[in-house]
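Here's the structure, in structure tokens; my notes come after.
Numbering (this note's numbering), first residue to last: 360 to 498.
Here is the structure:
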């Protein structure tokens, strides 16, 4: 077990889901720890995704980078790998661009982190109707 929590890079893969990404980034600003960085790994989204990131830059308490590649089909693995190349943390957390983490998400990962181990998790899937309700809310 580590003595100090690891430095964390959160890599979020996304493609043309700016409203969902806005909620994910806002929820990361509410984490009960700070000092992590976020890399948005963008698989060729239009300008709306960039606008979401830029509009939040002054409101969030973490460093954020936007890594983009041109759209050429579903290449999520490739853009995640590009995100990893920009990461400075010694612990990587991968999120999908529509996965809203609980407030303790990063802290729990830091607590469970051990060298040479991989942690896999799952999420609660919402119905399409409820997802649309959530996306219509103002953050």
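Ideal Cβ placement from N, Cα and C applies to all residues, glycine included. These figures come from a predicted structure and were not determined experimentally.
Distance between beta carbons of residue j and residue i, contact taken as under 8 Å
i: residue 368; j: residue 396; result: 5 Å
i: residue 383; j: residue 398; result: In fact, because the Cβ distance is near 13 Å, the residues do not count as touching under 8 Å.
i: residue 391; j: residue 426; result: No, residue 391 and residue 426 are not in contact; Cβ-Cβ is about 26 Å, not under 8 Å.
i: residue 469; j: residue 365; result: 6 Å
i: residue 389; j: residue 462; result: 5 Å
The beta strand (DSSP E) enclosing residue i, as first and last residue numbers
i: residue 399; result: 396–401
i: residue 459; result: Per DSSP, residue 459 belongs to no beta strand (DSSP E) and is neither H nor E.
i: residue 425; result: 422–427
Local conformation of residue i per DSSP, three classes
i: residue 438; result: helix
i: residue 449; result: coil
i: residue 376; result: coil
i: residue 486; result: coil
i: residue 381; result: helix
i: residue 392; result: coil
Status (buried if at least 16 other CB within 10 Å, exposed otherwise) for residue i
i: residue 450; result: buried
i: residue 360; result: Interpretation of residue 360 is limited by its pLDDT of 48, a score under 50 that renders its predicted location unreliable; the figure taken from the coordinates is listed afterwards. Exposed is the call here.
i: residue 477; result: exposed
i: residue 404; result: buried
i: residue 379; result: buried
i: residue 381; result: buried
i: residue 465; result: buried
i: residue 480; result: exposed
i: residue 436; result: exposed
i: residue 432; result: exposed
i: residue 487; result: exposed
i: residue 373; result: buried
Pick from the options that is closest to residue i, judged by C-alpha positions
i: residue 387; options: 489, 407, 455 and 472; result: 455
i: residue 376; options: 453, 457 and 385; result: 457
i: residue 428; options: 408, 460, 389 and 493; result: 408
i: residue 385; options: 422, 459 and 448; result: 459
i: residue 445; options: 489, 423 and 434; result: 423
Endpoints, alpha helix (DSSP H) assigned at residue i
i: residue 408; result: 406–415
i: residue 506; result: Residue coverage of the chain in this structure runs from 360 to 498, which leaves residue 506 outside it and unanswerable.
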